[in-house]
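Positions 25 to 413 (this note's numbering) are the ones given, in order, by the sequence shown. Heads up, the beta-carbon is just placed ideally off N, CA and C, and yes, glycines get one too.
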Amino acid sequence: MNPLIAPLVALSLLAGETCAQASSEIRISSAGSQPSVKGAAENFTGTVRVDELFKGDHPARIGGGTVTFEPGARTAWHTHPLGQTLIVTAGVGYVQQEGGPRQEIHPGDIVWIPPQTRHWHGATAANGMTHIAIAEAEDGKAVTWAEKVSEAQYEGASVAAQKVVPSQTVTHTQPASDTLSAKQQTIPLIAAFMATSDMPTLNVALNQGLDAGLTVSEAKEILTQLYAYVGFPRSLNALTELMNVVEARKQRGIHDAPGREPSRAIPTGEALLAAGAANQTRISGGPVKGPVFDFAPVINQFLQAHLFGDIFERDNLDWQSRELATVGALAATPGAESQLRSHMRASMRVGLSAEQLRQVSEVLAERGDELSAKRASTALTQALAASGG
Numbered sequence: 025m026n027p028l029i030a031p032l033v034a035l036s037l038l039a040g041e042t043c044a045q046a047s048s049e050i051r052i053s054s055a056g057s058q059p060s061v062k063g064a065a066e067n068f069t070g071t072v073r074v075d076e077l078f079k080g081d082h083p084a085r086i087g088g089g090t091v092t093f094e095p096g097a098r099t100a101w102h103t104h105p106l107g108q109t110l111i112v113t114a115g116v117g118y119v120q121q122e123g124g125p126r127q128e129i130h131p132g133d134i135v136w137i138p139p140q141t142r143h144w145h146g147a148t149a150a151n152g153m154t155h156i157a158i159a160e161a162e163d164g165k166a167v168t169w170a171e172k173v174s175e176a177q178y179e180g181a182s183v184a185a186q187k188v189v190p191s192q193t194v195t196h197t198q199p200a201s202d203t204l205s206a207k208q209q210t211i212p213l214i215a216a217f218m219a220t221s222d223m224p225t226l227n228v229a230l231n232q233g234l235d236a237g238l239t240v241s242e243a244k245e246i247l248t249q250l251y252a253y254v255g256f257p258r259s260l261n262a263l264t265e266l267m268n269v270v271e272a273r274k275q276r277g278i279h280d281a282p283g284r285e286p287s288r289a290i291p292t293g294e295a296l297l298a299a300g301a302a303n304q305t306r307i308s309g310g311p312v313k314g315p316v317f318d319f320a321p322v323i324n325q326f327l328q329a330h331l332f333g334d335i336f337e338r339d340n341l342d343w344q345s346r347e348l349a350t351v352g353a354l355a356a357t358p359g360a361e362s363q364l365r366s367h368m369r370a371s372m373r374v375g376l377s378a379e380q381l382r383q384v385s386e387v388l389a390e391r392g393d394e395l396s397a398k399r400a401s402t403a404l405t406q407a408l409a410a411s412g413g
């Protein structure tokens, strides 16, 4: 194993030994430049992968990485001498400190774990979870491992035998609202009218989206992504409409925020397929299998390498926005009810709530698209029934 990576993995992939000499130059570690590392069996239960490992040069003590837990996977009990911060980026997970309740965490949540607080974290049984983990090392050590989390503890049994110090409580910051923002509400509308090639109504929806805070880059990304669901012709036509909208707004003195391009390089070859398969598994709640994939396995290779690889690896549009766009487009597409149900479930896995998804139906109905609204509402009801929600 790479000598830099090895101590990081041994320390929960967080803040390994500090370098002897600091560099005076800014250093960029390109995405995909380091191999993925499998979590050590003695410190993790289940399948865990770590990407984008980093640590600061001396005198900095900070280090971390992006940790992906497959469904049911979790850390062992452990502590950090100077505490730890987790930023959840995908899926649904758990965090629990000794003596406290198991808490559910979702994309956007920020978890602070105080120094020397025994705890564990990982994915739920039904969903994978990815978080960025950041910690500082003390005397070259960022983590102390203990015993593994038992099945009973993982399933939520009490671990209250130990005393909890009130000031050492694990906290996490949840998204403030259970309703779609004005910006989010425009995304399924844009997607639905793009899917039906209703250019006049798409024009209105694009203007509303830009008014609500969509950047030009985000709007382009929505319309580009959707070619995978409704085809290149509709995507190209919608992008032309967006180009016209942006130019017309400039003529009226409105200068929309351009937004940003993806900040990291997309992997290629086998690394792209692996990244896409991991994204697909996280979004789908488990490995995607079925008779159609056995009959035509190449279709899943295309899904993994292109849709969940090339497209979902682009970080200039978050996964919640991508799923809102997909739901809007599929709701407007007769005959795609099965896929719509799947993406309702996927939307909840990336952190959207059932109440927010009900709003998708409401905004479609308010815009006069009753058929799309009905398909969305029915799909959500069926998805919730299937999951016991």
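Nearest-angstrom Cβ-Cβ length linking residue i and residue j, presumed shorter than 8 angstroms
i           : j           : result
residue 76  : residue 147 : That pair is no contact at about 18 angstroms.
residue 73  : residue 302 : 7 angstroms
residue 144 : residue 98  : 6 angstroms
residue 230 : residue 266 : 6 angstroms
residue 306 : residue 71  : Their Cβ separation, rounded to whole angstroms, is 12 angstroms, which puts residue 306 and residue 71 out of contact at 8 angstroms.
residue 347 : residue 327 : With a Cβ gap of about 15 angstroms, residue 347 and residue 327 do not count as contacting.
residue 213 : residue 391 : 6 angstroms
residue 142 : residue 128 : Actually they do not touch by this definition, with Cβ atoms about 19 angstroms apart.
residue 100 : residue 172 : 5 angstroms
Residue nearest to residue i in terms of C-alpha spacing, selected from the options
i           : options            : result
residue 289 : 356, 62, 340, 101  : 340
residue 132 : 401, 399, 342, 140 : 342
residue 374 : 240, 354, 302, 344 : 344
residue 233 : 403, 349, 325, 360 : 349
residue 283 : 246, 292, 397, 143 : 246
residue 206 : 387, 221, 100      : 387
residue 250 : 241, 228, 219      : 219
residue 108 : 407, 96, 115, 88   : 88
residue 102 : 395, 159, 252, 129 : 159
residue 356 : 401, 100, 306      : 401
residue 240 : 270, 83, 256, 257  : 270
residue 365 : 308, 338, 317, 337 : 308
residue 310 : 209, 141, 96       : 96
residue 150 : 161, 167, 179, 172 : 179
residue 174 : 68, 368, 330       : 68
residue 167 : 368, 177, 139, 156 : 139
residue 335 : 292, 319, 363, 227 : 292
residue 84  : 263, 161, 156      : 161
residue 242 : 257, 215, 368      : 215
Simplified DSSP assignment, three categories, for residue i
i           : result
residue 87  : strand
residue 58  : coil
residue 380 : helix
residue 143 : strand
residue 207 : helix
residue 77  : strand
residue 214 : helix
residue 104 : coil
residue 122 : coil
residue 112 : strand
residue 173 : coil
residue 316 : helix
residue 387 : helix
Outcome for residue i when other beta-carbon atoms lying within 10 angstroms are tallied against a minimum of 16
i           : result
residue 399 : buried
residue 254 : buried
residue 274 : exposed
residue 203 : exposed
residue 323 : exposed
residue 164 : exposed
residue 300 : buried
residue 403 : buried
residue 370 : buried
residue 411 : exposed
residue 313 : exposed
residue 187 : With a pLDDT of only 34 at residue 187, under 50, the local geometry of the prediction cannot be trusted, and no value is derived from it.
residue 396 : buried
residue 59  : exposed
residue 379 : exposed
Residue range of the alpha helix (DSSP H) that includes residue i
i           : result
residue 367 : 361-373
residue 248 : 240-249
residue 260 : 256-275
residue 322 : 321-326
residue 307 : 293-308
residue 135 : It is not in any alpha helix (DSSP H) - residue 135 instead sits in the beta strand (DSSP E) that spans 134-137.
residue 424 : The first residue shown for the chain is 25 and the last is 413, placing residue 424 beyond what the model contains.
residue 409 : 394-411
residue 346 : 343-355
Limits of the unbroken beta strand (DSSP E) element including residue i
i           : result
residue 156 : 153-160
residue 335 : Segment: none, residue 335 is in no beta strand (DSSP E) and carries neither H nor E.
residue 128 : 127-129
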